[in-house]
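Residue numbers (the numbering used here): 446 to 562.
Step one of this worksheet: look at the structure below.
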């Protein structure tokens, strides 16, 4: 009987550990390492990234939501820590710049093709 309880406890414990690790990986893949150039916290081995991984893992174990973790980190480090920042007044140009440049480029290409004919 004790063996069955041990096996059940071991299986549920490992499932929970996998869930914590999966959520930690998901969150750290969306966080930018502020020390490394263009790497996520998940990919980086810097001291900053290691500290953030430990922090995120701790907060996931405390059952904090992804949004709570992102909000805390952005309040501490700013929007630069997120690879995909939320749409706001500060990031308005960042989100619309590609569309703006595409429209201008399409206009010039269309105008140029009409001049050649």
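Glycine included, every Cβ here is placed at the ideal spot set by N, Cα and C.
All figures in this text were calculated on a predicted structure; none of them were measured in a lab.
Short of 7 Å from the beta carbon of residue 506, and not among the five residues preceding or following it, lie these beta carbons of its own chain, in chain order: 465. Its chain contains 501, 502 and 505 as the residues whose beta carbon lies nearer than 6 Å to that of residue 469, once the 5 sequence neighbours on both sides are disregarded; these appear in chain order. Here residue 473 is buried, its C-beta having at least 16 other C-beta atoms within 10 Å. Sixteen is the threshold: when 16 or more other Cβ atoms of the shown chains lie within 10 Å of the Cβ of residue 489, as they do, the residue is buried. If you look at residue 514, you'll find it in the alpha helix (DSSP H) that goes 511-522. Here the C-alpha atom of residue 544 lies approximately 26 Å from the C-alpha atom of residue 485. CA-to-CA, the gap between residue 494 and residue 513 works out to about 19 Å. Just so you know, the alpha carbons of residue 519 and residue 510 end up roughly 14 Å apart. Pairing residue 471 with residue 526 gives a Cβ-Cβ distance that is not under 8 Å.
Taking the Cα positions, residue 487 is about 8 Å away from residue 498. At the C-beta level, residue 537 and residue 477 stay beyond 8 Å of one another.
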